[in-house]
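Student: Keeping their order, the protein sequence lines are chains R and W. My numbering puts the first residue of the first sequence at 6, with every later residue one more than the last. My numbering puts the first residue of the second sequence at 37, with every later residue one more than the last. Heads up, the beta-carbon is just placed ideally off N, CA and C, and yes, glycines get one too. Here it is, the structure, as structure tokens.
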Amino acid sequence: MKKETDDKNAFERVQIARDAERPYTNDLLETIFSDFQEIHGDRRYADDPAVVCGFAKIDDYEVAVIGQQKGRDINSRRHRNFAMPKPEGYRKALRMMKLAEKFGRPVITLIDTPGAYPGIDAEERGQAEAIAFNLREMANLKVPTIVVVLGEGGSGGALAIGVGDRVLMLENSVYSVITPEGCAAILWKDAAQAPRAAESLKLTAANLLDLGLVDEIVTESEDWKIDASTSQSGGEVDNSKFEKAANELKKAILQNLKQLEKMPFEKRMDERYKKFRNMGKFIC
Amino acid sequence: MSWFRRKDPKLEGQTTDEERKVKTEGIFVKCPECSEPLYKADLKESQQVCTNCDYHFRFSARDRLATLFDDGEFELLDEEVSSADPLDFVDSKPYKDRIEQAKKSSGLPEAIISGKGRVGGHTVFAGAMDMSFIGGSMGSAVGEKITRLIERALHENGAVVIFAASGGARMQEGTLSLMQMAKISAALAKLHEAGLPFISVLTDPTTGGVTASFAMLGDVNIGEPKALIGFAGPRVIEQTIRQKLPKGFQRSEFLLEHGMLDMVVDRREMRQTIIRTLNFMMNDATVRRKK
Ligand SMILES: [Zn+2]
Numbered sequence: 006m007k008k009e010t011d012d013k014n015a016f017e018r019v020q021i022a023r024d025a026e027r028p029y030t031n032d033l034l035e036t037i038f039s040d041f042q043e044i045h046g047d048r049r050y051a052d053d054p055a056v057v058c059g060f061a062k063i064d065d066y067e068v069a070v071i072g073q074q075k076g077r078d079i080n081s082r083r084h085r086n087f088a089m090p091k092p093e094g095y096r097k098a099l100r101m102m103k104l105a106e107k108f109g110r111p112v113i114t115l116i117d118t119p120g121a122y123p124g125i126d127a128e129e130r131g132q133a134e135a136i137a138f139n140l141r142e143m144a145n146l147k148v149p150t151i152v153v154v155l156g157e158g159g160s161g162g163a164l165a166i167g168v169g170d171r172v173l174m175l176e177n178s179v180y181s182v183i184t185p186e187g188c189a190a191i192l193w194k195d196a197a198q199a200p201r202a203a204e205s206l207k208l209t210a211a212n213l214l215d216l217g218l219v220d221e222i223v224t225e226s227e228d229w230k231i232d233a234s235t236s237q238s239g240g241e242v243d244n245s246k247f248e249k250a251a252n253e254l255k256k257a258i259l260q261n262l263k264q265l266e267k268m269p270f271e272k273r274m275d276e277r278y279k280k281f282r283n284m285g286k287f288i289c
Numbered sequence: 037m038s039w040f041r042r043k044d045p046k047l048e049g050q051t052t053d054e055e056r057k058v059k060t061e062g063i064f065v066k067c068p069e070c071s072e073p074l075y076k077a078d079l080k081e082s083q084q085v086c087t088n089c090d091y092h093f094r095f096s097a098r099d100r101l102a103t104l105f106d107d108g109e110f111e112l113l114d115e116e117v118s119s120a121d122p123l124d125f126v127d128s129k130p131y132k133d134r135i136e137q138a139k140k141s142s143g144l145p146e147a148i149i150s151g152k153g154r155v156g157g158h159t160v161f162a163g164a165m166d167m168s169f170i171g172g173s174m175g176s177a178v179g180e181k182i183t184r185l186i187e188r189a190l191h192e193n194g195a196v197v198i199f200a201a202s203g204g205a206r207m208q209e210g211t212l213s214l215m216q217m218a219k220i221s222a223a224l225a226k227l228h229e230a231g232l233p234f235i236s237v238l239t240d241p242t243t244g245g246v247t248a249s250f251a252m253l254g255d256v257n258i259g260e261p262k263a264l265i266g267f268a269g270p271r272v273i274e275q276t277i278r279q280k281l282p283k284g285f286q287r288s289e290f291l292l293e294h295g296m297l298d299m300v301v302d303r304r305e306m307r308q309t310i311i312r313t314l315n316f317m318m319n320d321a322t323v324r325r326k327k
């Protein structure tokens, strides 16, 4: 855990966070996690491929993993809906959390979404309610919960799986209330002002650590990437370099799991509440 | 990037802010829905609802609380909590100036006011948002005021009622605004555990991070007639899916039909409906047992 260096500006980090070579949820399930068993469906309406949920192992821990999933080619992107979950995705995520709570297993969530899907069907099925309900239920989830922002932390659509005892951010991930393009279009009436908006929004891991909104930054080595060309052609992917790079994240998750496991239940719940309770800067 | 075009033609069934605002000059106001000229004195009497067609004009936060509490009496809370400029944010003007201007033009200290009083004899902690303060947007100060309101209700075994009116999170406070959604929802989780009521009233408009947090977490969710309620704004959706939205989409009646609201209530019936609901929900025996 060390603070990122200032060698990249905010918008460069936004672009890195969105890059097709960026490791996604499934890439981590194949490296730092093992024995993954996916589960499907929200038992209300459908299964949402933009959210991946299941049981996995990390070292000797049985954990629940919930992650937003992007695609690397046009078909998989469409299939994953560009990692923009619909209400059923958030409801599936909550089902996974409740299963973890029932069986006393920690929850690890992996955030990587441009935002919750803005569409007619999503609104009809209660996108706002699905997000809101997850916020309330996660605040009160009885098992240790670790949140990792992998790439894009897109507003409420990210936060809906983002309330936990520990919030970690990868060095080049971003977490924002609105996309820089959206912000620029509204405030400067010009989407080309996105780099300026990115700077103003203070959305980098270092910014958010300073503001007290996240707990820890996980450094990325230069091998924190997936060879997109190999994975696209369906050929054998050589993950060995990435596996080494991903070890940093694995260590960070394990270290936090060990700390949380040792904490008395009441203290852990109390600290989670206080952490979010104290977020915000105002005059009084 | 074209999905935020501001000069879009009006969406069907939508009225502009200008049309919604009660004109302050003269003694007449023209109803934007039925074009009937209305006496301002009559409108005040009818809580800014058209006496001809029941169109709901915008209603100020102060009027909301005054028409909710018994005899219009309540104690204002946390008035000293107001917005800072934690990110030194500057768009077309500095955020600091925007805050000062909003205070002057709205006569409000923040985009929400909150108070304690009695409603049908029950102890109630109520908040009302106001669109005239930076579009009713939620920043750190709004989040803090709502969280304190909920914590006070927890401490004093009271109920919480919030009238939402908001364009969403306040961009000028970046991720700090976003986190207010989690902060308030965490406080509501405690209220829920304690067996205390939260009644959410969604008024025109309630969108974005406010809808996707406390406004949808009521033990009952009440909408005002024809209020625009949604997660994504209609323009963003149109630009994403590239087709016209169906008539009545994201209006209260649409949400009622899709199971997201418990009732759509005329503003003139709101206080009585809330009292009826509190009579069911306020149960000392439950609260004692849970504590
Ligand atoms: Zn009328």
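1) What do you reckon, is the C-beta of residue 88 of chain W under 7 Å from a heavy atom of ligand 1?
2) With distances taken Cα to Cα, identify the nearest neighbour of residue 207 of chain R among W/244, W/132 and W/214.
3) Would a C-beta distance cut-off of 8 Å place residue 318 of chain W and residue 158 of chain W closer than the cut-off?
4) From which residue to which residue does the beta strand (DSSP E) around residue 240 of chain W run?
5) As a quick exercise: from R/263, R/23 and R/61, pick the residue whose alpha carbon is nearest that of residue 82 of chain R.
6) Beta-carbon of residue 178 of chain R versus every beta-carbon of chain C: anything under 8 Å?
7) Between residue 289 of chain R and ligand 1, is there a pair consisting of the residue's CB and a ligand heavy atom that are separated by less than 7 Å?
8) Roughly how many angstroms lie between the CA atoms of residue 323 of chain W and residue 234 of chain W, to the nearest whole one?
9) Can you list, in chain order, the residues of its chain whose CB lies under 6 Å from that of residue 59 of chain W, leaving out five sequence neighbours each side?
10) Which word fits residue 117 of chain R, buried or exposed, when buried means at least 16 other C-beta atoms lie within 10 angstroms of its C-beta?
11) Is any non-hydrogen atom of ligand 1 found closer than 7 Å to the C-beta of residue 131 of chain W, if you look at the structure I gave you?
12) Who are the Cβ neighbours of residue 115 of chain W in its own chain at under 6 Å, not counting the five residues just before and after it?
13) Any C-beta of chain R sitting closer than 8 Å to the C-beta of residue 59 of chain W?
14) Below 9 Å on C-beta distance, what does residue 278 of chain R contact in chain W?
15) Considering only C-alpha positions, which residue in the set R/171, R/122, R/114 and R/166 is nearest to residue 263 of chain R?
16) Please determine, among R/142, R/75, R/181 and R/90, the residue with the shortest C-alpha to C-alpha distance to residue 278 of chain R.
17) If the cut-off is 9 Å on Cβ atoms, which residues from the stretch 120-137 of chain R count as contacting chain W, listed in chain order?
18) Return the residues of the stretch 90-123 of chain W that lie within a Cβ-Cβ distance of less than 8 Å from chain R, sorted by chain order.
19) Within the chosen definition, does the stretch 113-128 of chain R reach the stretch 142-155 of chain R through at least 3 CB pairs nearer than 8 Å?
20) Quick one: using the 10 Å Cβ neighbour count with 16 as the cut-off for buried, is residue 257 of chain W buried or exposed?
21) In this structure, what does DSSP give as the bridge partners for residue 296 of chain R?
22) How about residue 36 of chain W: is its Cβ closer than 7 Å to a heavy atom in ligand 1?
23) With 8 Å as the threshold, decide whether the Cβ of residue 197 of chain W is near any Cβ in chain R.
24) Report the three-state DSSP secondary structure of residue 310 of chain R (helix, strand or coil).
25) Could you tell me if residue 181 of chain W is buried or exposed, where buried requires 16 or more neighbouring beta carbons within 10 angstroms of its beta carbon?
26) Does residue 59 of chain W come out as helix, strand or coil in the three-state DSSP assignment?
27) Once the 5 residues before and after residue 147 of chain R are set aside, which same chain residues still bring their CB inside 8 Å of it?
28) Of all Cβ atoms in chain R, is any one closer than 8 Å to the Cβ of residue 216 of chain W?
29) Is residue 335 of chain W helix, strand or coil by DSSP?
30) Residue 83 of chain R by DSSP, collapsed to three states: which one?
31) Report yes if the CB atom of residue 101 of chain W is closer than 8 Å to the CB atom of residue 110 of chain W, and no otherwise.
32) Roughly how many angstroms lie between the CA atoms of residue 249 of chain W and residue 38 of chain R, to the nearest whole one?
33) With DSSP collapsed to three states, give me the class of residue 215 of chain W.
34) Can you tell me whether residue 192 of chain W is buried or exposed? The criterion is at least 16 other CB atoms within 10 Å of its CB, across all chains shown.
35) For the beta strand (DSSP E) containing residue 139 of chain W, name the first residue and the last one.
Tutor: Put simply:
1) Result yes, Cβ under 7 Å from ligand 1.
2) That would be W/214, whose Cα lies nearest to the Cα of residue 207 of chain R.
3) Yes, the pair counts as a contact, with Cβ atoms nearer than the cut-off.
4) Where residue 240 of chain W is concerned, the enclosing beta strand (DSSP E) starts and stops at 234-242.
5) When only C-alpha atoms are compared, the closest one is R/23.
6) No chain C is present in this structure, whose protein chains are R and W.
7) For ligand 1, not one heavy atom lies less than 7 Å from the Cβ of residue 289 of chain R.
8) Approximately 14 Å between the Cα atoms of the pair.
9) Note that residue 59 of chain W scores 47 on pLDDT, short of 50, meaning its location in the model is unreliable; the coordinates nonetheless yield the value given after this. Counting only Cβ-Cβ distances below 6 Å, and skipping sequence neighbours, we find 65.
10) It is buried - the Cβ of residue 117 of chain R has at least 16 other Cβ atoms within 10 Å.
11) No, Cβ of residue 131 of chain W sits at least 7 Å from all heavy atoms of ligand 1.
12) Correct list, in chain order: 145.
13) For residue 59 of chain W, the predicted model reports a pLDDT of 47, less than 50, meaning its position is unreliable; a value from the coordinates is still stated below. By this cut-off, residue 59 of chain W is not an interface position.
14) Here the neighbours are 222, 223, 225 and 226.
15) For the residues R/171, R/122, R/114 and R/166, the minimum Cα distance to residue 263 of chain R belongs to R/171.
16) Taking only the C-alpha atoms, the option nearest residue 278 of chain R is R/142.
17) From the stretch 120-137 of chain R, only 120, 121, 122, 123, 124, 125, 127, 128, 129, 130, 131, 132, 133, 134, 135, 136 and 137 have a Cβ closer than 9 Å to chain W.
18) Cβ contacts with chain R: 114, 116, 117, 118, 119, 120, 122 and 123.
19) Output reads yes: the stretch 142-155 of chain R touches the stretch 113-128 of chain R.
20) Buried, by the Cβ-count rule.
21) What is shown of chain R runs 6 to 289, which leaves residue 296 of chain R out entirely.
22) There is simply no residue 36 of chain W to check, as chain W begins at 37 and stops at 327 in what is shown.
23) Closer than 8 Å: no.
24) As displayed, chain R neither begins before 6 nor continues past 289, which places residue 310 of chain R out of reach and without an answer.
25) Buried, by the Cβ-count rule.
26) The predicted position of residue 59 of chain W is uncertain, since its pLDDT is 47 and thus under 50; no value can be drawn from it.
27) Excluding sequence neighbours, residue 147 of chain R sits near 106, 270 and 274.
28) Yes, because at least one Cβ of chain R sits closer than 8 Å to the Cβ of residue 216 of chain W.
29) The structure shown does not extend to residue 335 of chain W, since chain W is modelled only from 37 through 327, so no value can be given for it.
30) Note: residue 83 of chain R maps to helix in three-state DSSP.
31) For the 8 Å CB-CB criterion, residue 101 of chain W and residue 110 of chain W form a contact.
32) Each residue's Cα considered, the two are about 32 Å apart.
33) The answer is helix: DSSP assigns residue 215 of chain W an H, G or I state.
34) So residue 192 of chain W counts as exposed.
35) In the DSSP annotation of this structure, residue 139 of chain W is not part of any beta strand (DSSP E); the continuous alpha helix (DSSP H) holding it starts and ends at 131-142.
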